[in-house]
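Below: one structure, written as structure tokens.
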Amino acid sequence: MRIENVSIALAGTAMMTVLAVTPAGAATTPLPSPSIAGVLAVQKQAMANGAPGALTRIDSGASSYRIASGKADTAAGTAMDADRRFRVGSVSKSFTTVVLMQLVAEGRVDLDAPANDYLPKPLPDDRITVRHLLSHRSGLWDYTNDMFFHTVPGFEAVRNKVFSYQELIDLSTAHQPTSVPGTAYGYSNTNFVVLGQLIEHLTGVPMATHYEERIFQPLGLRNTSYVHPRTEISGSFSRGYVREDDTTLPLVDSTEQTVSWAQSAGAVISNSADLHRFFAAVVSGKLVPQPQLQEMMSMVPVNADGTQFYGLGLRARALSCGVKVYGHTGTVQGYYTYAFTTADGKRSMTSMANTSNNGSVNTVLAGTLEAAFCGVNPVKSSKAARSAGEAFTEDIAPDIERH
Numbered sequence: 054m055r056i057e058n059v060s061i062a063l064a065g066t067a068m069m070t071v072l073a074v075t076p077a078g079a080a081t082t083p084l085p086s087p088s089i090a091g092v093l094a095v096q097k098q099a100m101a102n103g104a105p106g107a108l109t110r111i112d113s114g115a116s117s118y119r120i121a122s123g124k125a126d127t128a129a130g131t132a133m134d135a136d137r138r139f140r141v142g143s144v145s146k147s148f149t150t151v152v153l154m155q156l157v158a159e160g161r162v163d164l165d166a167p168a169n170d171y172l173p174k175p176l177p178d179d180r181i182t183v184r185h186l187l188s189h190r191s192g193l194w195d196y197t198n199d200m201f202f203h204t205v206p207g208f209e210a211v212r213n214k215v216f217s218y219q220e221l222i223d224l225s226t227a228h229q230p231t232s233v234p235g236t237a238y239g240y241s242n243t244n245f246v247v248l249g250q251l252i253e254h255l256t257g258v259p260m261a262t263h264y265e266e267r268i269f270q271p272l273g274l275r276n277t278s279y280v281h282p283r284t285e286i287s288g289s290f291s292r293g294y295v296r297e298d299d300t301t302l303p304l305v306d307s308t309e310q311t312v313s314w315a316q317s318a319g320a321v322i323s324n325s326a327d328l329h330r331f332f333a334a335v336v337s338g339k340l341v342p343q344p345q346l347q348e349m350m351s352m353v354p355v356n357a358d359g360t361q362f363y364g365l366g367l368r369a370r371a372l373s374c375g376v377k378v379y380g381h382t383g384t385v386q387g388y389y390t391y392a393f394t395t396a397d398g399k400r401s402m403t404s405m406a407n408t409s410n411n412g413s414v415n416t417v418l419a420g421t422l423e424a425a426f427c428g429v430n431p432v433k434s435s436k437a438a439r440s441a442g443e444a445f446t447e448d449i450a451p452d453i454e455r456h
């Protein structure tokens, strides 16, 4: 076994640490080797744009690369490392989807039945199916647009609140729908809050128990948890820092919160190794039977150039080297996450930057996909970096433009 542990200090930046572990005689992958220099360049640029720190883990066959830059805790001066836990935000939607698809496989839910067949209080439109919720085609308004119209004041108002599913759904249905069900993709956290209520009402079992018994325990995900409505992250973790809308103000430590505003749409805590095990298990059929997996992985383009796709609770990205990777992105106050794997689960990558409400960081961090799966340095090759002052949106309040 060859173990490389390299520390790199670049002028004007925090210490960057790279750990690569490759067993002797390990089989090579047909994909290009990951570009560690590319990952480091992305992390350096993310920090230059305002992230306190960043981490990336790449698992390729029997080889593992763990790359970290900057700080996990700015007050304590604690260095980032790639094994730390963090809030995964909307990556939680893939966990919720696995639970739902297992219920489909058990014959307890019909994807094309009205969601109202399974809910304690009906949605305003009986045409909304379970499939529409999973694919973000329900037309339900995203209540986070109102809740986080002003990023930090909105967050502080709900940081310690505990909501019921119905309270959040009612915030959504107070608005007119954004489209006729089934006709248009429109990312909305409301969809997965409805799915959480659906699952709990149908089974009489809390989401926390479903996650634990159906996913965490079978896969041995020891660093993954769903502690809602408790606010703590246990063990070794990275703190999160949300940027104010007034970017001249300091970052706000957003680590402790109930995440009750998201629940089944975004309250899972995990780390990079566990996310790799999870997504590799998803695409290989270890968690969801093949018919339901095919439904999840049936993708529709959701951006203008056809490089980003959404299936059922699962995203896909088409990369420059011709590979398509599957997983999900995550945004929650203080954390951006990209967690993706190849269709065979043999190469996986997770990247996290411990900030949010910063479109430049989120755009830059996506470059670790190119570095991990295509072996390129995306900072050198890309012309698509966001310009200062250019508007951006994210998965929290997705219809509100920021600058």
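Numbers in this note's numbering are just positions in the sequence shown, counted from 1, shifted up by 53.
C-beta: ideal position from N, C-alpha, C; glycine also.
In this text, all values refer to a predicted model and were calculated from it rather than measured experimentally.
9 Å Cβ cutoff met for R368 and H381: To locate residue 368, count along the sequence shown from 1; it is residue 315. To locate residue 381, count along the sequence shown from 1; it is residue 328. In this structure, H381 lies closer than 9 Å to R368 by Cβ.
Given 8 Å, three or more beta-carbon pairs between the segment 286 to 293 and the segment 327 to 344: no
Length of the line joining the Cα atoms of A129 and R292: Stepping through the sequence shown from its first residue, residue 129 is reached at position 76. Stepping through the sequence shown from its first residue, residue 292 is reached at position 239. If I take the Cα positions, the gap works out to 10 Å.
First and last residue of the uninterrupted beta strand (DSSP E) at G380: The residue labelled residue 380 in the question sits at position 327 within the sequence shown. Where G380 is concerned, the enclosing beta strand (DSSP E) stretches over 377 to 385.
S351 versus S147 - alpha carbon distance: Taking the first residue of the sequence shown as 1, we reach residue 351 at position 298. Taking the first residue of the sequence shown as 1, we reach residue 147 at position 94. One C-alpha to the other measures close to 14 Å.
Proximity of S122 and A107 at Cβ, strictly below 9 Å: The residue labelled residue 122 in the question sits at position 69 within the sequence shown. The residue labelled residue 107 in the question sits at position 54 within the sequence shown. Taking 9 Å as the Cβ cut-off, S122 and A107 qualify as a contacting pair.
Distance between R110 and F118 (C-alpha atoms, nearest Å): Reading the sequence shown from its first residue, position 65 is the one you call residue 118. Reading the sequence shown from its first residue, position 57 is the one you call residue 110. The question names Phe, but residue 118 in the sequence shown is Tyr. Roughly 6 Å separates the two Cα atoms.
Segment limits, beta strand (DSSP E) that includes A371: To locate residue 371, count along the sequence shown from 1; it is residue 318. 368 to 371 is the extent of the beta strand (DSSP E) around A371.
Spatially closest choice to Y389 from N411, V376, V378, by CA coordinates: In the sequence shown, the residue the question calls residue 389 occupies position 336. Answer by Cα proximity: N411.
Coil, strand or helix - Y118 by DSSP: One-based indexing of the sequence shown puts residue 118 at position 65. Strand at Y118.
Own chain partners of T226 with C-beta closer than 6 Å, once the 5 adjacent residues on each side are dropped: Taking the sequence shown and counting its residues from 1, one reaches residue 226 at position 173. Once the five neighbours on either side are set aside, the close Cβ partners of T226 are P177.
Distance between beta carbons of F202 and I453, contact taken as under 8 Å: Along the sequence shown, one-based indexing puts residue 453 at 400. Along the sequence shown, one-based indexing puts residue 202 at 149. Confirmed, about 6 Å.
Any 3 or more C-beta pairs closer than 8 Å across the segment 192 to 199 and the segment 234 to 242: yes
Burial state of P244 (16 or more Cβ within 10 Å): For this step, residue 244 is matched to residue 191 along the sequence shown. Note that residue 244 is Asn in the sequence shown, not Pro. By the 10 Å Cβ count, N244 comes out buried.
Residue span of the beta strand (DSSP E) that contains G91, given as start and end: Position 38 of the sequence shown, counting from 1, holds the residue named residue 91. Where G91 is concerned, there is no enclosing beta strand (DSSP E), although the alpha helix (DSSP H) it sits in stretches over 89 to 101.
Pairwise C-alpha distance: E159 and K214: Taking the sequence shown and counting its residues from 1, the one referred to as residue 214 is at position 161. Taking the sequence shown and counting its residues from 1, the one referred to as residue 159 is at position 106. The alpha-carbon atoms of K214 and E159 are separated by roughly 35 Å.
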